[in-house]
Amino acid sequence: MALVYLCPPPLIQTTSMSSKICREDLLVLLASIGVSLPTNTKISEEDLNKRLTQALDAAQQFRTVIESTPFNPSTFPTWPLEKNLPEATVRLGIMDGVKMKLSHGPKVSADKKDTFKEIRTAVMSFAHGIQAGQREFWLTDQLGKFEGWGIYARVRVVLLRFSQKTLPLFVVLYKELHPVASSSIQDAVEALLTSTNTGVLTGIQTTELERLTMLKLFRMNTKRLTGDFYPEDSKARSQGLKPSFLLPLGPLTMREMGKLTTDTGCEVCGKKNISRCLQCLSVAYCSPECQKHDWPNHKPTCRSLKGGTWHTVTFDTPETPHGAGVVIMNRLDTIDEVKAKGQIAPTKKGVPPDVHEGKIFLVKFQISLFQFKDEANFLLYDRQRSFQVMWWRKDDRDLFDEAEEALADELKMYRWARRVGDYQLSVCLDRAPAQKPVW
0 MALVYLCPPP LIQTTSMSSK ICREDLLVLL ASIGVSLPTN TKISEEDLNK RLTQALDAAQ
60 QFRTVIESTP FNPSTFPTWP LEKNLPEATV RLGIMDGVKM KLSHGPKVSA DKKDTFKEIR
120 TAVMSFAHGI QAGQREFWLT DQLGKFEGWG IYARVRVVLL RFSQKTLPLF VVLYKELHPV
180 ASSSIQDAVE ALLTSTNTGV LTGIQTTELE RLTMLKLFRM NTKRLTGDFY PEDSKARSQG
240 LKPSFLLPLG PLTMREMGKL TTDTGCEVCG KKNISRCLQC LSVAYCSPEC QKHDWPNHKP
300 TCRSLKGGTW HTVTFDTPET PHGAGVVIMN RLDTIDEVKA KGQIAPTKKG VPPDVHEGKI
360 FLVKFQISLF QFKDEANFLL YDRQRSFQVM WWRKDDRDLF DEAEEALADE LKMYRWARRV
420 GDYQLSVCLD RAPAQKPVW
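In structure tokens form, the structure reads like this:
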């Protein structure tokens, strides 16, 4: 994304095109947000779209900052001029900060794998533009040219309060514009400019996938507004400008990524009515036909697990004496989240839930960096982060040393496990999964 100012000459109607994101781009877009799924996944396109909606909601912390829907942004005060809008809009994760330190200035990327990063940059461009006194934006392929389709956006900012914090909420009127034979895009954009506009339109360079994603976000959020809300007079409505809003975007948490990368469908066809392979319980199928079809792919994993050695690991929860005083953060935490962290927070006090209901699942083993000898420990959790527990060397020195051997020079590893008690897992340490997970 690049932020520039376009001064169009005297710059009506336009037609719309399908804004559907194709399956291939859905997978790339989800991966750019942190929801990585196999390219050959059998998850339905409808399910992928649902996951995209959930991922975008998680990125804008919608369920956290908006108490109830529908809501009316006109009940919120205008953003104070003295408050730094770009500073309030940025939501950096730890890795974002590291990358900024290593980079040599902002770079515009047209690579689809960077789509979410560029969308976040577009929202920051709104913040910088409004801070500079601009409120009309044009999202397009090429800056300085009115070619191809784009999105016109008219933006103002209100102040949102939640949990004793404040956050900017960008109130948006938008319209997608497509070229037609009878008129130019330039004419259509000029017709939308407000009378208070000084002749300066803020251009934001975007790819088509980025604009389609922005439209997806706009349409999602429009549905959360009260039916009587419209931020301007009837003229804007007659011009076809649609109301919506944006919230600052940030990285997903590990828990959110784990939830959205879980595939509970049949390994072959994606259907939901499934049963598990009786030999290893590690994969699911909807029928004997699908299981037979997938056997050449599944055979190595199934046979290796069948011959593996299983050990019982006894873990502690954070509220036990062993877990007291432990602080953990990961690369996807935002800087504000790191500042607010104290102890590891269990889902519930007491016995961690068994969401897997006795079935086999993958556990991530993450070694402590600053504890040694008997104080050494592994942090254990599943993809969904339904539990987050500690395993200490002092509780079983020989087995812990065996796990460190399996870890080799890595800081983390993934192993198959099954819940066998309130505070116990049966773990196959000598068999790694066929493919290394990304969570």
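Under numbering that gives the first Met the number 0, think of the first position of the sequence shown as 0, with each following residue one higher. Note that the Cβ used here is the ideal one computed from N, Cα and C, for glycine as well. None of the values given here were measured: they were computed from a predicted structure.
Could you please give the first and the last residue of the uninterrupted beta strand (DSSP E) stretch that includes residue i?
i	result
residue 310	309-313
residue 418	411-420
residue 350	Premise fails: residue 350 is in no beta strand (DSSP E) and is neither H nor E.
residue 366	360-366
residue 424	423-427
Along the chain, where does the alpha helix (DSSP H) containing residue i start, and where does it finish?
i	result
residue 130	114-130
residue 278	Per DSSP, residue 278 belongs to no alpha helix (DSSP H) and is neither H nor E.
residue 181	Per DSSP, residue 181 belongs to no alpha helix (DSSP H) and is neither H nor E.
residue 64	61-64
residue 28	22-32
residue 398	396-406
residue 49	44-58
residue 84	84-88
According to DSSP, which residues form a beta bridge with residue i?
i	result
residue 160	165
residue 204	139
residue 387	380
residue 306	BP columns for residue 306 are empty, so no partner.
residue 155	170
residue 150	138, 175
residue 443	Any answer about residue 443 is impossible in this case: the structure gives the chain only from 0 up to 438.
residue 40	For residue 40, which the question treats as bridged, DSSP gives no partner whatsoever.
residue 77	157
Assuming residue i and residue j make a contact with CB atoms under 8 Å, what is their CB distance in whole Å?
i	j	result
residue 25	residue 219	The pair is not a contact, with the Cβ atoms about 15 Å apart (cut-off 8 Å).
residue 121	residue 203	5 Å
residue 382	residue 257	4 Å
residue 140	residue 31	Not a contact, Cβ separation roughly 19 Å.
residue 244	residue 169	6 Å
residue 167	residue 87	5 Å
residue 151	residue 188	6 Å
residue 173	residue 240	7 Å
residue 351	residue 388	6 Å
residue 159	residue 75	6 Å
residue 156	residue 84	6 Å
residue 251	residue 58	6 Å
residue 289	residue 266	7 Å
residue 225	residue 242	Rounded, the Cβ-Cβ distance is 10 Å, inconsistent with contact.
Once you ignore the five residues that flank residue i on each side, which residues in its own chain have a CB closer than 7 Å to its CB?
i	result
residue 53	259
residue 304	279, 281, 415, 427, 430
residue 433	299, 300
residue 393	373
residue 101	Unreliable placement is indicated for residue 101, whose pLDDT of 40 sits below 50; the coordinate value is still reported in the next sentence. No residues qualify anywhere along the chain.
residue 370	376
residue 492	The question about residue 492 has no answer, for the chain in this structure spans 0 to 438.
residue 386	346, 351, 352, 380
residue 261	382, 383
Identify, in the order they occur along the chain, each residue of the same chain with its Cβ nearer than 6 Å to the Cβ of residue i, setting aside the five sequence neighbours on each side.
i	result
residue 20	211
residue 359	280, 281, 415, 417
residue 216	55
residue 128	201
residue 109	206
residue 165	158
residue 397	none
residue 436	413
residue 208	24, 111, 114
Apart from the five residues just before and just after residue i, which ones in its own chain have a Cβ nearer than 8 Å to its Cβ?
i	result
residue 80	none
residue 424	311, 312, 314, 362, 379, 416, 417, 418
residue 406	364, 366, 412
residue 77	155, 156, 157, 158
residue 401	310, 428
residue 71	224, 225, 227, 228
residue 22	44, 47
Runs of beta strand (DSSP E) wholly within the region 230-299 (minimum 3 residues, chain order): Fully enclosed beta strand (DSSP E) runs of 3 or longer: 241-245.
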